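Peer 1: Residues are numbered in this note's numbering as their position in the first sequence, beginning at 1, plus a constant of 37.
The structure under discussion is supplied below as structure tokens; questions concerning it will follow.
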Amino acid sequence: MEPKNFENKITPRSEDYSQWYLDIIAAADLADYSPVKGCMIIKPNGYAIWERVQEVLNKKFKSYGVKNAYFPMLIPERLLKREAQHVEGFAPEVAVVTHAGGAKLDEPLIVRPTSETIMYEVYKDWIHSYRDLPLLINQWANVIRWEMKTKPFLRTTEFLWQEGHTVHKDLQEADIFAQKMLHAYKEFFADYMAIPVIIGVKSESEKFAGALKTYTCEAMMQDGKALQIATSHNLGDNFARAFEIKFLNEENNEVYGWQTSWGLSTRSIGGLIMTHSDDKGLVVPPKMASTHVVIVPIIPKPESRGEIETKALELGELLKKETFLDQDILVHVDVRDMRHGEKYFEWEKKGVPVRIEIGPKDIEKNSVVVVRRDTGEKEIVAMENLNAKVSEVLDLIQVNLYERALVMRTENTVEVNSWDEFVSALEDRKFILAHWDGTAETEKMIKDETGATIRCIPMDQKAEEGKCIKSGNASKTRVLFAKAH
RNA sequence: CGAGAUGUAGUGUAACGGUAGCAUCCAUGCUUUGGGAGCAUGUAGUCAGAGUUCGAAUCUCUGCAUCUCGACCA
């Protein structure tokens with residue numbers, strides 16, 4: 038039965054992808070616009086996903102020997118100016134504090150757009166010997182970048198992220214570490230977010246301001262556009278030279294440190310939304326969900342309420358003792374005095390992976406109905422098998438979401454060998470693997486003409502002689518082109 | 001920041017320059033209940049400021065906000 042009308046109607050993806058995205062955020066109650074333009078209020082439902090991101094990444098970082106710390110949000114302007122490319126890259130988008138304590142400040146303070154400068158200013162005092170290395174620090178923080186145009190989670194003036202900043206004894210070790218973090222992100226996206234990402238190297242024009250080399254995770258959203266969902270930079274000794282991070286090596290020579298920085302922001306939540314959600318609402322991969330299972334009692338007769346709710350709560354308690362994929366199952370029993378149909382819609386909008394329905398007929402037959410959020414499949418399950426079944430289904434949903442996203446990307450990725458093919462593939466919203474002559478001029482020409490950018494030079498891309506689709510010049514490997522969010 | 005569009009209860013909409021109305025939400029009560037229920041009562045609104053006018057939600061200007069498309073970006 039079609040509902041007549043209701044709040045939070047979701048625009049179909051096919052009709053208006055952008056509106057659909059905003060509708061999902063409203064329907065799942067993830068975020069609100071703030072009184073400050075371009076900023077976002079992350080509501081409890083949205084923040085719960087972020088907390089899960091923090092939990093999983095912290096565990097991963099610790100296993101790599103990375104320690105958490107916190108540095109100030111305000112950075113003296115002179116520090117930002119130390120590294121030439123860095124200041125050039127960030128100057129247009131920094132917010133500056135000029136007054137405080139009722140007076141004009143002698144030196145303006147910038148609100149961090151990223152923390153390289155303030156962290157490295159003190160790193161130089163922390164590092165004296167090769168024995169102090171590697172220095173592996175991460176911080177969870179907010180940063181501000183004054184962007185022209187914002188969109189919840191994907192691009193907001195203020196956003197939350199983690200930024201890791203390390204110092205190593207040589208370039209090779211730094212590069213290996215930058216790649217190690219890139220793979221950590223890739224695994225996180227695959228194993229937890231159920232988002233398949235392509236890892237690769239950014240072109241010169243797309244790399245981080247001040248970096249030697251930028252590694253990136255690129256994901257395909259359901260509209261075929263790419264989302265840069267995490268990055269890891271090999272900073273070389275650029276910042277070390279600017280901030281005089283020096284140490285005595287084993288040969289007693291004073292040398293500069295070699296650095297990396299790597300980050301993942303609340304944008305990844307936008308990626309999660311755009312990868313898995315459907316026209317009914319948000320879909321949260323079980324391993325990222327703060328509620329895995331919602332039990333909805335069905336009460337046709339008021340007098341049977343007590344009995345049914347008791348049974349529902351009882352099943353809930355049993356289920357909480359169960360695990361799936363080494364996680365505890367988080368269960369919510371929804372005993373609110375509402376029609377069950379309304380509850381179904383609400384939990385679907387919020388993306389809870391599994392719904393269990395229990396009513397008088399179920400109690401009679403000693404069974405319940407288990408419904409999957411990803412496929413909508415309903416199954417009648419005997420109560421004694423419920424724990425095992427739910428555990429299995431959560432596992433299946435986690436796997437299915439990843440597979441579904443991977444199939445989508447695979448089907449929409451093409452190799453092209455001519456400009457005409459390139460243009461038509463782009464119109465079909467594909468990821469395109471094509472030859473490029475390696476020059477910034479050609480890259481810019483392609484961007485200006487089509488809006489497509491080089492997302493990355495994929496790491497698993499094999500060497501292959503070819504001709505640039507734009508200039509016709511020689512190319513040694515294919516690179517990934519796409520339009521980006 | 002450039003081009004365009006739109007701003008009316010929490011949400012979605014209506015009102016020729018002339019009493020701001022409807023639906024929904026929310027609150028209360030009753031009846032209901034295997035996919036967004038029904039009835040009754042109640043609360044709640046013209047983005048902000050200026051101008052034109054006897055009279056402005058409506059016309060004009062300015063500002064602000066949101067959306068779309070560019071430029072910028074995690």
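Virtual Cβ for every residue (Gly too), placed ideally from N, Cα, C.
In this text the structure is predicted, and so the values were computed from the model without any measurement.
What is the DSSP secondary structure of Glu52, reduced to helix, strand or coil?
Peer 2: Numbered from 1 along the first sequence, position 15 holds the residue referred to as residue 52. In this structure, Glu52 counts as coil in the three-state DSSP scheme.
Peer 1: Can you tell me where the alpha helix (DSSP H) holding Gly343 begins and where it ends?
Peer 2: Looking up residue 343 in the first sequence gives position 306. Element bounds for Gly343: 342-357.
Peer 1: Under three-state DSSP, which class holds Glu18?
Peer 2: Residue 18 lies beyond the residue range present for the chain, which begins at 38 and ends at 522; the question has no answer from this structure.
Peer 1: Check for me: the beta strand (DSSP E) holding Thr328 runs from which residue to which?
Peer 2: Position 291 of the first sequence, counted from the first residue, corresponds to residue 328. Where Thr328 is concerned, there is no enclosing beta strand (DSSP E), given that its DSSP letter is neither H nor E.
Peer 1: Report the partner residues of Ala419 according to the DSSP bridge assignment.
Peer 2: Here the question's residue 419 lines up with position 382 in the first sequence. Beta-bridge pairing links Ala419 to Ser404.
Peer 1: Helix, strand or coil: how does DSSP classify Asn286 here?
Peer 2: Translated into the one-based positions of the first sequence, residue 286 becomes position 249. Reduced to three states, the DSSP call for Asn286 is coil.
Peer 1: Does the contact criterion of 3 or more C-beta pairs under 8 angstroms hold for the segment 193-202 versus the segment 73-80?
Peer 2: Yes: the two stretches touch, three or more of their Cβ pairs being nearer than 8 angstroms.
Peer 1: Using the rule of at least 16 other Cβ atoms within 10 Å of the residue's Cβ for burial, across every protein chain shown, is Glu158 buried or exposed?
Peer 2: As a working mapping, residue 158 is identified with position 121 in the first sequence. Counting Cβ neighbours within 10 Å, Glu158 comes out buried, since at least 16 surround it.
Peer 1: Write down every uninterrupted run of the alpha helix (DSSP H) in the segment 450-511 whose length is 4 residues or greater and which is fully enclosed by it, in chain order.
Peer 2: Segments of the alpha helix (DSSP H) lying fully in the segment 450-511: 456-464, 477-487.
Peer 1: Given Val406, which residues of its chain have a CB within under 8 angstroms of its CB, disregarding the five upstream and five downstream residues?
Peer 2: Numbered from 1 along the first sequence, position 369 holds the residue referred to as residue 406. Contacts found: Ile393, Glu394, Ile395, Asp399, Lys415, Glu416, Ile417, Val418.
Peer 1: So what does DSSP say about Pro40, is it helix, strand or coil?
Peer 2: Translated into the one-based positions of the first sequence, residue 40 becomes position 3. Residue confidence is low: Pro40 scores 30 on pLDDT, short of 50, so the model does not pin down where it sits. No coordinate-derived value is stated.
Peer 1: Alpha carbon to alpha carbon, how far is Ser71 from Gln199? Give it in angstroms, no decimals.
Peer 2: As a position in the first sequence, residue 199 is number 162, starting the count at 1. As a position in the first sequence, residue 71 is number 34, starting the count at 1. Looking at the two C-alpha atoms, the distance is approximately 22 angstroms.
Peer 1: So, helix, strand or coil for Leu517, using DSSP?
Peer 2: Your numbering for residue 517 matches position 480 in the first sequence. In the structure shown, Leu517 sits in a strand (DSSP, three-state: E or B).
Peer 1: Let me know the secondary structure DSSP gives His205 once reduced to three states.
Peer 2: As a position in the first sequence, residue 205 is number 168, starting the count at 1. Strand.
Peer 1: Could you give the residue range of the beta strand (DSSP E) that holds Arg392?
Peer 2: What you label residue 392 is simply residue 355 of the first sequence in a count that begins at 1. Element bounds for Arg392: 391-395.
Peer 1: Check whether the segment 295-302 touches the segment 341-356, taking contact to mean three or more Cβ pairs, one atom from each stretch, closer than 8 angstroms.
Peer 2: Cβ pair count under 8 angstroms is below three, so no.
Peer 1: Could you say which of Ala64, Pro49, Tyr58 lies nearest to Val389 if we only look at CA atoms?
Peer 2: The residue you call residue 389 lines up with position 352 of the first sequence. Among Ala64, Pro49, Tyr58, the Cα nearest to that of Val389 belongs to Ala64.
Peer 1: Closer than 7 angstroms by C-beta to Val90: which residues in its own chain qualify, once you throw out the five before and the five after it? Chain order, please.
Peer 2: In the first sequence, counting from the first residue as 1, residue 90 sits at position 53. Ser305.
Peer 1: Who are the near neighbours of Ala137 in its chain, counting only those whose CB is closer than 8 angstroms to its CB and skipping five residues on each side?
Peer 2: Position 100 of the first sequence, counted from the start, is the residue given in the question as residue 137. Here the set comprises Leu146.
Peer 1: Run through the segment 178-247 for me and flag every whole alpha helix (DSSP H) of 4 or more residues, listed as ranges in chain order.
Peer 2: Runs found: 208-225.
Peer 1: Suppose you measure from the CA of Ile469 to the CA of Leu319; what does that come to, to the nearest Å?
Peer 2: As a working note, residue 469 is residue 432 in the first sequence. As a working note, residue 319 is residue 282 in the first sequence. So the two alpha carbons sit approximately 28 angstroms from each other.
Peer 1: Can you tell me whether Arg115 is buried or exposed, with buried defined as 16 or more other CB within 10 angstroms of its CB?
Peer 2: Mapped onto the first sequence, residue 115 falls at position 78. Classification of Arg115: exposed, given that the 10 Å Cβ count is below 16.
Peer 1: With DSSP as the reference, please indicate the residues paired to Met523 in a beta bridge.
Peer 2: As shown, the chain starts at 38 and ends at 522. That puts residue 523 outside it, with no answer to give.
Peer 1: In chain order, what residues of the same chain have a beta carbon less than 8 angstroms from the beta carbon of Arg373, not counting five sequence neighbours either side?
Peer 2: As a working mapping, residue 373 is identified with position 336 in the first sequence. Only Lys380 meet the Cβ criterion.
Peer 1: Kindly indicate the opening and closing residues of the beta strand (DSSP E) around Gly15.
Peer 2: Summary: the structure shown does not reach residue 15, with the chain confined to residues 38 through 522, and so no result is reported for it.
Peer 1: Would you check if the segment 220-234 and the segment 247-260 touch, i.e. whether three or more CB-CB distances between them fall below 8 angstroms?
Peer 2: Result yes; three or more Cβ-Cβ pairs closer than 8 angstroms.
Peer 1: So Asn175 and Val93 are supposed to be a Cβ contact under 8 angstroms. How far apart are they, rounded?
Peer 2: Position 138 of the first sequence, counted from the start, is the residue given in the question as residue 175. Position 56 of the first sequence, counted from the start, is the residue given in the question as residue 93. The Cβ separation is near 13 angstroms, so there is no contact.
Peer 1: In this structure, how does DSSP classify Ser100 when only helix, strand and coil are distinguished?
Peer 2: One-based indexing of the first sequence puts residue 100 at position 63. Three-state result, Ser100: helix.
Peer 1: Select from Trp473, Glu458, Asn290, Ile434 the residue whose C-alpha is nearest the C-alpha of Ser314.
Peer 2: Residue numbering aside, residue 314 sits at position 277 when the first sequence is read from its first letter. It is Ile434.
Peer 1: Considering only residues of the same chain and omitting the five flanking positions on each side of Lys507, which have a CB-CB separation below 7 angstroms?
Peer 2: For this step, residue 507 is matched to residue 470 along the first sequence. Closer than 7 angstroms at the Cβ level, and outside the excluded window around Lys507, lie Trp456, Thr479, Met482, Ile483.
Peer 1: Since Asn286 and Tyr167 are thought to touch, with beta carbons under 8 angstroms apart, how far apart are those beta carbons, to the nearest angstrom?
Peer 2: By 1-based counting over the first sequence, the position of residue 286 is 249. By 1-based counting over the first sequence, the position of residue 167 is 130. 5 angstroms between Cβ atoms; contact.
Peer 1: Whose CA, out of Tyr101, Lys513, Trp177, lies closest to the CA of Ala500?
Peer 2: By one-based count along the first sequence, residue 500 stands at place 463. Residue Lys513 is the option with its Cα nearest to Ala500.
Peer 1: Measuring straight from C-alpha to C-alpha, what distance separates Leu303 and Asn403?
Peer 2: The residue labelled residue 303 in the question sits at position 266 within the first sequence. The residue labelled residue 403 in the question sits at position 366 within the first sequence. A small fix is needed here, since residue 303 is Thr in this sequence, not Leu. The alpha-carbon atoms of Thr303 and Asn403 are separated by roughly 44 angstroms.
Peer 1: Going by DSSP, name the residue or residues bridged to Asn175.
Peer 2: For the purposes of this step, residue 175 is taken as residue 138 along the first sequence, with counting starting at 1. Per DSSP, Asn105, Gly201.
Peer 1: Does DSSP classify Ile434 as helix, strand or coil?
Peer 2: Within the first sequence, numbered from 1, the residue matching residue 434 stands at position 397. In this structure, Ile434 counts as helix in the three-state DSSP scheme.
Peer 1: Tell me the residue span of the beta strand (DSSP E) that contains Ala277.
Peer 2: Locating residue 277 in the first sequence gives position 240, where the first residue counts as 1. Careful: Ala277 lies outside any beta strand (DSSP E), inside the alpha helix (DSSP H) at 275-280.
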